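Novice: The structure follows.
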Amino acid sequence: MKATLAGDDFDNGRTPEQLRASFEQSHAAVIACDGGRIVGTARVLSDGVCNAYVVDVWTLSPYRRRGVARRMIETLEAGLKGQHVYLVTDDAADFYKKLGFKEQPTGMSKVVGVWLRSGD
């Protein structure tokens with residue numbers, strides 16, 4: 000998994016142990032494969048009742064615009080009925096709007112400590 004994600008600049012410098020822990024400790028996760036090769040990931044952090052956060056949505060470059068991310072999001076949403084679902088994106092707002100997400104005018108974030116990549 001690490002080699003695939005690093006090769007398409009998804010891993011943000013996370014170690015294999017950090018990647019494994021982030022997926023194992025998620026409320027839900029989807030890993031899309033083609034012939035045993037990882038071609039996409041998406042995961043959800045949630046309290047299981049009220050709020051859910053979609054994170055780490057990624058599709059291997061040659062598989063983009065082929066419905067992989069849409070199917071992963073739809074799969075995750077099936078287990079989130081009745082919850083407010085949030086996400087942050089800087090480059091895929093139009094994609095998420097097509098899936099019913101709405102832009103929110105306010106929001107904040109903070110990195111506590113050091114982010115995995117310097118300069119981000």
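Position 72 of the sequence shown, counting from 1, maps to 71 under numbering that gives the first Met the number 0, and the rest follow consecutively. Just so it is clear, CB atoms sit at the ideal spot from N, CA and C, and this is done for glycine as well. None of these values were measured; they are calculated from a predicted model.
Please list the terminal residues of the continuous alpha helix (DSSP H) segment that includes Leu75.
Specialist: Start at 1 with the first residue of the sequence shown, and residue 75 comes out as number 76. Leu75 -> alpha helix (DSSP H) spans Val67 to Glu76.
Novice: Where does Ser108 fall in DSSP's three states?
Specialist: In the sequence shown, residue 108 corresponds to position 109, counting from 1. In this structure, Ser108 counts as coil in the three-state DSSP scheme.
Novice: For Asp33, name the three-state secondary structure that DSSP assigns.
Specialist: The sequence position of residue 33 within the sequence shown is 34, counting from 1. Strand at Asp33.
Novice: Rounded to the nearest angstrom, what separates Ser117 and Leu18 at their Cα positions?
Specialist: Residue mapping note: residue 117 aligns to position 118 of the sequence shown, counting from 1. Residue mapping note: residue 18 aligns to position 19 of the sequence shown, counting from 1. At Ser117 the pLDDT is 45, less than 50, meaning the model places this residue with poor confidence and gives no usable figure here.
Novice: If you draw a straight line from the C-alpha of Val110 to the C-alpha of Leu86, how long is it?
Specialist: To locate residue 110, count along the sequence shown from 1; it is residue 111. To locate residue 86, count along the sequence shown from 1; it is residue 87. The straight-line gap separating the alpha-carbon atoms of Val110 and Leu86 is approximately 16 Å.
Novice: What are the boundary residues of the beta strand (DSSP E) that includes Ala51?
Specialist: As a first step, residue 51 must be located in the sequence shown, where it is residue number 52. Residues Asn50 to Thr58.
Novice: When the Cα of Thr40 is compared with those of Glu16, Arg70 and Cys49, which residue comes out closest?
Specialist: Indexing the sequence shown from 1 puts residue 40 at position 41. Of the listed residues, the one whose Cα sits closest to Thr40 is Arg70.
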